[in-house]
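Residue numbers (the working numbering), protein chains in the order written: chain A, 212 to 612; chain B, 212 to 612.
A virtual CB, placed ideally from N, CA and C, is assigned to each residue, including glycine.
Scroll down for the structure; my scribbles are underneath it.
Number of protein chains: 2
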Amino acid sequence: MLTNVTLEEACELITGNLIPLPGQSVALAEAAGRVCYQDIYAARDLPPCSQSAVDGYAVAMGDEVCNQFQLKGNLGPGDYPDFSLAPGQAAGVVTGGPVPPGTRGVIPWEFAEVKGEYITTTKALNPGDNIKPRGEDFRRGDIVARRGNIVGPGLVGVLAACGNGKVKVFARPKVAVLGLGRGIVPYHAVPAPGETRDCNGPVLEVLARREGAEVLGVETAGHMESAGGRECLKKLLRKADVVITTGGAASGAYDQALDLIRQTGARVLFWGVRIKPGSHSGAAVLDSRLIVSLSGNPAACVVGYHLLVAPALRALQGLDPQPARFDAVCKNRWPKKGGTRRFVRGYISRNQNQWQVNFLPGQKSSMLRSLIDYNALIDLPAGHPPVEEGQRVSVIPLFTL
Amino acid sequence: MLTNVTLEEACELITGNLIPLPGQSVALAEAAGRVCYQDIYAARDLPPCSQSAVDGYAVAMGDEVCNQFQLKGNLGPGDYPDFSLAPGQAAGVVTGGPVPPGTRGVIPWEFAEVKGEYITTTKALNPGDNIKPRGEDFRRGDIVARRGNIVGPGLVGVLAACGNGKVKVFARPKVAVLGLGRGIVPYHAVPAPGETRDCNGPVLEVLARREGAEVLGVETAGHMESAGGRECLKKLLRKADVVITTGGAASGAYDQALDLIRQTGARVLFWGVRIKPGSHSGAAVLDSRLIVSLSGNPAACVVGYHLLVAPALRALQGLDPQPARFDAVCKNRWPKKGGTRRFVRGYISRNQNQWQVNFLPGQKSSMLRSLIDYNALIDLPAGHPPVEEGQRVSVIPLFTL
């Protein structure tokens, strides 16, 4: 068993053991934010026929300039031309409506004078003016999205315009959370003296949903004997793609996570990562199922989630598992020099054209306080000196900025 | 009726006529991403009692250094101390478990030697070491969130730790979309020759949901006579907080949006905005209901949504209506000089420490192409000269960066 691996080794072991989930067809409005399972091509020309961009008169002409036309017909909304225009002829058309074959341009009504069956233009017209040619936006067969692209509003629009009601997207990873810490009870239970409410479960539920996962359940087994915990874990592994355990992950007498995971028959990928907080993290696989064991300390649990679980959820959905990363300027200082590589919870913001970051208060791994406002992790390398205000640090943005 | 107002006037007219929605209690896991309706305070001390940060021995001592202690008891997981420690006494404790009254520090088990009923420390201990004092993270009554804050994972954790199962958040705005363009049919219908599939409805549904809205329905009235369209709009106004109409908003013979809106008894706030695309936008109010009329051209409709509807949806949920905005460096050029103020669809990205933006292809207001990849609007002021590569422009970021 690999122990105390680097973060990069841990991520590679996890994502290297994952196979992206299968595709599923979902209704257009439900597809937004999901990940395309396959390349998507325009199913037809858009617009499907040449259309007028204005209310006015479609006109046909030869090579000579012409400013008088014979009105051949009038197309209202929803009308489709059953005639074509010869040079010198015109037809009334509406915005977005089809123009008759032979149309060279459309004169907006405000620049046309009608006299009997003739119209005269009061403004020079160039060929193509106010026409949206068939296929101007997309030609049938044009690629509109690639496998791995996130379905956004524009793609939804193109698919709707083509009449596609379904999109094939990667299935959502099914996630279950199991609290293993002793004396941990569900947050909605009333804890007996000495027991503690599980705050990690609801936090992980929220975080995993943001990453596109479907959360099947949040359970605790802290009150169970080892056999009960093992059966609970086995049950979750039958339905979930990823089981996140929290707590029981240190090396004390009551720490049962590693034992329980081994008892399911899962193969341990690593145990212990050289980061702080989150050093008591581990991972295992059972068939195509992933188990990630995180600390029971809330901040360590959350850091472990972002660095180890979120990349797995992204990989399962065909996305790049690596988080974004950029430099930011410190707005305050971090007085401690570093031992182990540390991930400090920070708040990043934009000041004119540069990114700045605050080290948030309440950074003990047992404390929730830094999580109230965090939107980034600040990556301080092993053995770093104290960090001064104005210094640049590497940050991993986590939430919408 | 105000016509051809500036964008800022339009926004002020819209948000100035809105009252934030009432609050509603929702379950913790459903609250993430919603907006706090009221200030939230910690309901108890966290941790609720002084706890050990490690597995080891809680010890009590006076002012003298002491390295031998009499073992008074042993607290396993879930145990609560029914005794206190006098100087010179110790008790076995577990990570996260309560320490007995009188505890001055906890010796990790790896630095303790047990001989009979005595333990000896092999490492100097300072008062407070390895103790998480009661209320260290939060004291009962500490503010943890303010009205208008978005519920994030950390707040969910604090509320779970306090045993709160519900959060009061602003109600979601109820939105309905009504396509008024003549010859427009629902995207899942098979259009007759001359008819066009409604792509704006699904796009607006996706966009409004992103902004926290509940979308009640997407309808089209393009096939109806005026009376039918009016009844449809009235019906939607009975259940929706915001009705977005698309199409029929220009000033041609078949443009019915303004007429229909007036027929409902709504008060028109403005009609026409000095922006491109999206100049054919308008807004009206009926009691506390908002109607925003957008162009039927997809790109104009989307620009109008971001600039006029999204701010309203934010204001209804107690958020700052103003979008974020910053400068970015152009990666390509925009060759046209400007007439009206223009909002070009762009793609912003980060290059090391600066933001850059691309003008996307397919910028005609009738085209969907620029919407496939857009994540920002580029705000080009009225009368701007052509924009060169390397120039700075003001951008409104729209989606997660």
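- Item | Pair within 8 angstroms by beta-carbon distance, Cys512(B) and Ala371(A) | Working through the second sequence from its first residue, we reach residue 512(B) at position 301. Working through the first sequence from its first residue, we reach residue 371(A) at position 160. It is not a contact, given that the beta carbons lie outside the stated cut-off.
- For Val429(B), which residues does DSSP report across the bridge? Here the question's residue 429(B) lines up with position 218 in the second sequence. Under DSSP, the beta-bridge partners assigned to Val429(B) are Val388(B).
- Cα-Cα separation between Leu213(B) and Arg500(B), rounded to whole angstroms: Along the second sequence, one-based indexing puts residue 213(B) at 2. Along the second sequence, one-based indexing puts residue 500(B) at 289. Cα to Cα, Leu213(B) sits roughly 19 angstroms from Arg500(B).
- Message: For the stretch 457 to 479 of chain B, list every residue whose C-beta sits within 7 angstroms of some C-beta in chain C, in sequence order.
- Response: Within the model displayed, chain C is absent; protein chains A and B are what it includes.
- Message: Less than 8 angstroms between CB atoms is the rule here; does Ser577(B) satisfy it with respect to chain A?
- Response: For the purposes of this step, residue 577(B) is taken as residue 366 along the second sequence, with counting starting at 1. Yes, Ser577(B) counts as interfacial toward chain A.
- For Leu530(B), the nearest candidate out of Ile225(B), Val246(B) and Gly483(B) (CA to CA): Your numbering for residue 530(B) matches position 319 in the second sequence. Per the Cα distances, Val246(B).
- Task: Note down the Cα distance separating Glu599(A) from Ala539(B), rounded to an integer number of angstroms.
- Result: Within the first sequence, residue 599(A) is the residue found at index 388, counting from 1. Within the second sequence, residue 539(B) is the residue found at index 328, counting from 1. Computed Cα separation, rounded: 28 angstroms.
- Enumerate, from N- to C-terminal direction, the unbroken beta strand (DSSP E) stretches of 3 or more residues contained entirely within the stretch 552 to 599 of chain A. Every beta strand (DSSP E) of 3 residues or more that sits fully in the stretch 552 to 599 of chain A is shown, in chain order, as 552 to 562, 565 to 570 and 587 to 591.
- Message: Run through the DSSP bridge pairs and tell me what Glu324(B) is partnered with.
- Response: Counting from 1 along the second sequence, the entry for residue 324(B) is found at position 113. Beta-bridge pairing links Glu324(B) to Thr331(B).
- Message: Could you tell me the alpha carbon to alpha carbon distance between His595(A) and Leu391(A), rounded to whole angstroms?
- Response: By 1-based counting over the first sequence, the position of residue 595(A) is 384. By 1-based counting over the first sequence, the position of residue 391(A) is 180. Roughly 34 angstroms between the two C-alpha positions.
- Task: Let me know if Glu274(A) comes out buried or exposed under the rule of 16 or more other beta-carbons within 10 Å of its beta-carbon.
- Result: Reading the first sequence from its first residue, position 63 is the one you call residue 274(A). Note on residue identity: the sequence assigns Asp, not Glu, to residue 274(A). By the 10 Å Cβ count, Asp274(A) comes out exposed.
- For Gly423(B), I'd like the list of residues in its chain whose CB is within less than 6 angstroms of its CB, leaving aside the five on either flank, ordered along the chain. Here residue 423(B) refers to the residue found at position 212 when the second sequence is read from its first residue. Arg383 and Gln528.
- Item | Chain-ordered neighbours of Gly573(A) on chain B, where CB pairs are closer than 7 angstroms | To locate residue 573(A), count along the first sequence from 1; it is residue 362. Simply Asp348.
- Message: By alpha-carbon positions, which one of Ala460(B), Glu425(B), Arg420(B) and Val555(B) ends up nearest to Trp482(B)?
- Response: The residue labelled residue 482(B) in the question sits at position 271 within the second sequence. When only C-alpha atoms are compared, the closest one is Ala460(B).
- Task: Using a Cβ-Cβ cut-off of 8 angstroms, state whether Thr306(B) counts as contacting chain A.
- Result: Mapped onto the second sequence, residue 306(B) falls at position 95. By this cut-off, Thr306(B) is an interface position.
- Query: Apart from the five residues on each side of it in sequence, which residues of its chain come closer than 6 angstroms, Cβ to Cβ, to Thr456(B)?
  - Reply: In the second sequence, the residue the question calls residue 456(B) occupies position 245. Taken in chain order, the residues that qualify are Leu389, Leu391, Ala468 and Ser504.
- Item | Residue(s) in a DSSP beta bridge with Asn285(B) | Numbered from its first residue, the second sequence carries residue 285(B) at position 74. For Asn285(B), which the question treats as bridged, DSSP gives the partners Gly303(B).
- Task: Mind checking the stretch 230 to 255 of chain B against chain A and listing, in chain order, the residues whose C-beta falls within less than 9 angstroms of any C-beta there?
- Result: Residues passing the 9 angstroms Cβ filter: Leu239, Ala240, Ala242, Ala243 and Gly244.
- Kindly say whether Thr407(A), judged by its beta-carbon, lies nearer than 8 angstroms to any beta-carbon of chain B. For the purposes of this step, residue 407(A) is taken as the residue at position 196 of the first sequence. Residue contact check for Thr407(A) against chain B: a CB pair falls below 8 angstroms.
- Query: What are the start and end residues of each continuous beta strand (DSSP E) run of 3 or more residues lying completely inside the stretch 332 to 367 of chain B, in chain order?
  - Reply: Within the stretch 332 to 367 of chain B, the complete beta strand (DSSP E) runs of at least 3 residues are 354 to 356.
- Item | Under the three-state DSSP convention, the category Cys410(B) falls into | Here residue 410(B) refers to the residue found at position 199 of the second sequence. In the structure shown, Cys410(B) sits in coil (DSSP, three-state: anything other than H, G, I, E or B).
- With 16 as the cutoff for other CB atoms within 10 Å, does Arg536(A) come out buried or exposed? Here residue 536(A) is taken as the residue at index 325 of the first sequence, counted from 1. That one is exposed.
- Query: Since Val648(A) is in the beta strand (DSSP E), which residue starts that stretch and which ends it?
  - Reply: This structure cannot settle anything about residue 648(A), because the visible part of chain A is limited to 212 through 612.
- Item | Neighbour list for Arg351(A) in chain B, Cβ cutoff strictly below 9 angstroms | Within the first sequence, numbered from 1, the residue matching residue 351(A) stands at position 140. Result: empty, since nearest Cβ-Cβ is about 14 angstroms, beyond 9 angstroms.
- For my contact list, Ala387(A) and Val496(A) are in at a C-beta cut-off of 8 angstroms; report their separation, rounded to the angstrom. On the first sequence, position 176 is the one that residue 387(A) refers to. On the first sequence, position 285 is the one that residue 496(A) refers to. With a Cβ gap of about 15 angstroms, Ala387(A) and Val496(A) do not count as contacting.
- Query: Ala494(A) and Leu257(A): beta carbons closer than 8 angstroms?
  - Reply: To locate residue 494(A), count along the first sequence from 1; it is residue 283. To locate residue 257(A), count along the first sequence from 1; it is residue 46. Contact flag unset, no.
- Determine the direct distance from the alpha carbon of Ile395(A) to that of Leu524(B), and round the result to whole angstroms. By 1-based counting over the second sequence, the position of residue 524(B) is 313. By 1-based counting over the first sequence, the position of residue 395(A) is 184. In a straight line, the C-alpha of Leu524(B) is about 40 angstroms away from that of Ile395(A).
- Message: Looking only at its chain, what residues have a beta carbon closer than 6 angstroms to the beta carbon of Arg393(A), apart from the 5 residues adjacent to it on each side?
- Response: Residue numbering aside, residue 393(A) sits at position 182 when the first sequence is read from its first letter. Gly433 and Tyr465.
- Message: In whole angstroms, give me the CA-to-CA distance for Asn375(B) and Asp348(B).
- Response: As a first step, residue 375(B) must be located in the second sequence, where it is residue number 164. As a first step, residue 348(B) must be located in the second sequence, where it is residue number 137. Looking at the backbone, the Cα of Asn375(B) and that of Asp348(B) are separated by about 17 angstroms.
- Message: Strictly below 8 angstroms CB to CB, what residues from chain A border Phe537(B)?
- Response: Counted from its first residue, the second sequence places residue 537(B) at position 326. Chain order gives the chain A residues near Phe537(B) as Arg561, Gln563 and Asn564, where near means a beta carbon separation below 8 angstroms.
- Query: Cβ-heavy atom distance between His491(B) and the ligand MG below 7 angstroms?
  - Reply: Within the structure as shown, the ligand MG is missing, as the structure has no ligands at all.
- Leu497(A), DSSP secondary structure in three states: Numbered from 1 along the first sequence, position 286 holds the residue referred to as residue 497(A). Residue state, collapsed to three classes: strand.
- Does the Cβ-Cβ distance between Gly549(A) and Ala587(A) come in under 8 angstroms? One-based indexing of the first sequence puts residue 549(A) at position 338. One-based indexing of the first sequence puts residue 587(A) at position 376. No, they are not a contact pair.
- Item | Run of the alpha helix (DSSP H) containing Pro522(B), from where it starts to where it stops | Here residue 522(B) refers to the residue found at position 311 of the second sequence. Here the alpha helix (DSSP H) through Pro522(B) covers Ala521 to Leu527.
- Given Ile330(B), which residues of its chain have a CB within under 7 angstroms of its CB, disregarding the five upstream and five downstream residues? Counted from its first residue, the second sequence places residue 330(B) at position 119. Hits under 7 angstroms: Tyr268, Phe280, Leu282, Ala301, Ala323 and Glu324.
- Task: Tell me whether Asn562(A) is buried or exposed, calling it buried when 16 or more other Cβ atoms sit within 10 Å of its Cβ.
- Result: Locating residue 562(A) in the first sequence gives position 351, counting from the first residue. Asn562(A) is exposed by the Cβ-count criterion.
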